[in-house]
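Down below is the structure, laid out as structure tokens.
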Amino acid sequence: MDHLAVKFRERANNIDEEGRFPFANMKELKEAGYTSLTVPTEYGGSAISLYELLRLQEKLAEGDGSTALSIGWHMGIIKNLSEKRIWKEDIFRKVCDEVRKGALINSAASEAQTGSPTRGGKPQTTARKEGDFWVISGRKIFTTLSPMLDFFIVSASIEGQNEVGNFLIPRSTEGVNIEETWDSVAMSGTGSHDLVLDNVKVRAENMVEKIVPGKKGANGWLLHIPACYLGIAGAAQNYAVQFAKEYSPNSIQGTISDIPAVRQKIGEMELELMNARHFLYSVAKQWDATNDEERKQMSAELSAVKLAVTNAAIIVVDLAMRVVGARSLSRQNPLQRYYRDVRAGLHNPPMDDMTIELLAKNVIGR
């Protein structure tokens with residue numbers, strides 16, 4: 000991962016400036032066997048722990064945040080399905096077999112009309128039953144990793160019923176199209192384009208589960224999100240510290256790393272990162288060590304980790320830019336990219352306001 004992170008960092012600026020998808024990075028992750036690490040051992044994978052996954056994701060994000068966040072969704076979904084076994088075994092096994100060959104998967108849940116799926120909006124994407132098939136039509140936004148996805152997990156309202164299902168749709172299915180709409184200034188390389196479904200027909204068994212929109216269970220795999228922003232913050236710290244150790248204006252003796260105000264900011268960065276890492280990885284280890292019933296009680300801690308780590312990452316990048324000064328705003332300087340990328344974390348689930356409400360509810364209800 001150290002080697003890959005260095006290579007990804009070398010490509011990151013061009014990927015960001017051109018807003019293009021990091022195809023070479025994904026190819027190298029596949030070749031390294033990374034994309035199958037969360038596949039269960041009985042299906043030929045490594046079944047790595049949540050702790051191990053987050054450490055690896057943090058390292059990748061030090062190289063390129065877009066790459067880490069994108070592949071994190073694939074890695075996390077396979078891990079979640081491995082732990083909960085909510086799909087029929089033959090369907091999950093077939094997907095895992097394809098993943099071992101290099102296939103990638105992600106969910107497609109967000110819609111422009113409903114906002115974040117975590118807030119409970121019912122999908123306007125529809126699924127109607129026709130004999131032994133489901134016919135699905137609609138449009139999904141923020142479909143991260145879309146340029147290379149082989150499978151989409153699509154949420155759709157079932158016609159004639161007050162129910163919502165998740166449908167497994169192979170990319171090769173007729174009527175599946177990607178409309179390249181992603182123009183974000185943050186995480187520009189994630190390829191989070193629109194997925195357009197035009198009377199897409201899949202077999203009945205491809206409705207892999209029924210869901211309740213907005214129902215928030217305990218999902219440890221979503222910690223790949225704060226792990227990504229923690230990695231970006233670590234990269235910002237590394238850059239700022241190296242700059243401080245080398246930059247020596249002629250107005251001082253030595254380098255700016257000797258100036259108390261600069262040392263103060265470096266120390267503050269380290270404190271933020273220490274707090275964030277301890278919180279993230281202690282909760283990850285708790286998740287790995289507990290059973291399914293105990294995990295159901297961890298929703299508040301998981302949400303709090305995401306809030307705390309993401310906001311700490313924003314603080315760290317801001318401090319790093321204060322150390323480097325106006326140079327950090329140069330388009331050629333990675334700090335301006337880190338600054339934009341960590342802001343995206345505020346809009347990944349769960350949202351800060353929902354986390355604070357959950358924490359308040361738990362305390363009041365004790």
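So in numbering that gives the first Met the number 0, spot 235 of the sequence shown is number 234, and the numbers just go up one at a time.
Each residue gets a CB set at the ideal place from its N, CA and C atoms; glycine is no exception.
Next item on the list: May I ask you to verify whether the segment 226-237 touches the segment 59-79, counting CB pairs closer than 8 Å and requiring at least 3?
Entry: yes
Next item on the list: Pull up the DSSP beta-bridge partners for residue 200, would you.
Entry: 134
Item checked: Span of the alpha helix (DSSP H) around residue 25 -> Element bounds for residue 25: 22-30.
Next item on the list: Kindly confirm or deny that the segment 298-310 and the segment 352-363 touch, where touching means at least three C-beta pairs closer than 8 Å.
Entry: yes
Item checked: Contained beta strand (DSSP E) runs [length at least 3] in the segment 134-204, N- to C-terminal order -> Taking only runs of at least 3 residues, the beta strand (DSSP E) segments lying wholly in the segment 134-204 are 150-157, 163-169, 175-178 and 192-202.
Note to self: In chain order, what are the residue ranges of uninterrupted alpha helix (DSSP H) at least 4 long that sit wholly in the segment 198-257?
What the structure shows: Listed in chain order, the complete alpha helix (DSSP H) runs (minimum 4 residues) inside the segment 198-257 are 223-245.
Note to self: DSSP has residue 105 in a bridge; who is on the other side?
What the structure shows: Paired residues: 151.
Checklist line | residue 196 and residue 136 closer than 8 Å at C-beta | finding: yes
Margin query: Considering only the alpha carbon of each residue, which of 311, 226, 158 and 355 lies closest to residue 53?
Written below: 226
Check: CB residue 220 to CB residue 78, shorter than 8 Å?
Finding: yes
Margin query: Quick test of the definition: if touching needs 3 or more C-beta pairs under 8 Å, does the segment 335-345 touch the segment 308-321?
Written below: Three or more beta-carbon pairs drawn from the segment 335-345 and the segment 308-321 are found closer than 8 Å, and the two stretches are therefore classed as touching.
Next item on the list: Rounded to whole angstroms, what's the CA-CA distance from residue 128 to residue 157? Just pull it up for me.
Entry: Near 8 Å, if we compare the C-alpha coordinates of residue 157 and residue 128.
Notebook entry, point to check: CA-CA distance, residue 339 and residue 89?
Noted result: 42 Å
Check: Should residue 354 be labelled buried (16 or more other beta-carbon atoms within 10 Å of its own) or exposed?
Finding: buried
Notebook entry, point to check: Looking only at C-alpha atoms, which of 267, 333 and 323 sits nearest to residue 248?
Noted result: 323
Next item on the list: Using three-state DSSP, classify residue 125 as helix, strand or coil.
Entry: strand
Notebook entry, point to check: What is the DSSP secondary structure of residue 324, counted as helix, strand or coil?
Noted result: helix
Item checked: C-beta atoms of residue 161 and residue 208 nearer than 8 Å -> no
Margin query: Once the 5 residues before and after residue 213 are set aside, which same chain residues still bring their CB inside 8 Å of it?
Written below: 116, 117, 118, 119 and 120
Notebook entry, point to check: Do you know whose CA, among 351, 186 and 294, lies nearest residue 12's CA?
Noted result: 186
Checklist line | Touch test, the segment 93-103 against the segment 142-157, Cβ-Cβ under 8 Å, three pairs minimum | finding: Yes, they touch.
Check: In angstroms, rounded to a whole number, what distance separates the CA positions of residue 26 and residue 32?
Finding: 10 Å
Checklist line | Nearest-angstrom Cα separation, counted from residue 254 out to residue 47 | finding: 43 Å
Check: Excluding sequence positions up to five away, which residues of its chain have a Cβ less than 7 Å from the Cβ of residue 320?
Finding: 327, 334 and 338
Note to self: Rounding to the nearest angstrom, what Cα-Cα distance links residue 37 and residue 325 in this structure?
What the structure shows: Approximately 42 Å, taken between the alpha carbons.
Checklist line | Simplified DSSP assignment, three categories, for residue 62 | finding: helix
Next item on the list: Using three-state DSSP, classify residue 75 as helix, strand or coil.
Entry: Look at residue 75 here: in three-state DSSP terms it is helix.
Note to self: If you measure between the beta carbons of residue 145 and residue 122, is that distance less than 8 Å?
What the structure shows: no
Notebook entry, point to check: Taking all protein chains shown into account, do 16 or more other C-beta atoms lie within 10 angstroms of the C-beta of residue 216, making it buried, or fewer, making it exposed?
Noted result: exposed
Check: By DSSP, does residue 44 sit in helix, in strand, or in coil?
Finding: coil
Next item on the list: Within the same chain, show all residues whose beta-carbon is closer than 8 Å to that of residue 272, passing over the 5 residues directly before and after it, in chain order.
Entry: So the list reads 229, 232, 233, 236, 311 and 315, once near-sequence residues are dropped.
Margin query: Please report the distance separating the alpha-carbon of residue 378 from that of residue 170.
Written below: For residue 378 there is no data in the structure shown, the boundaries of the chain being 0 and 365.
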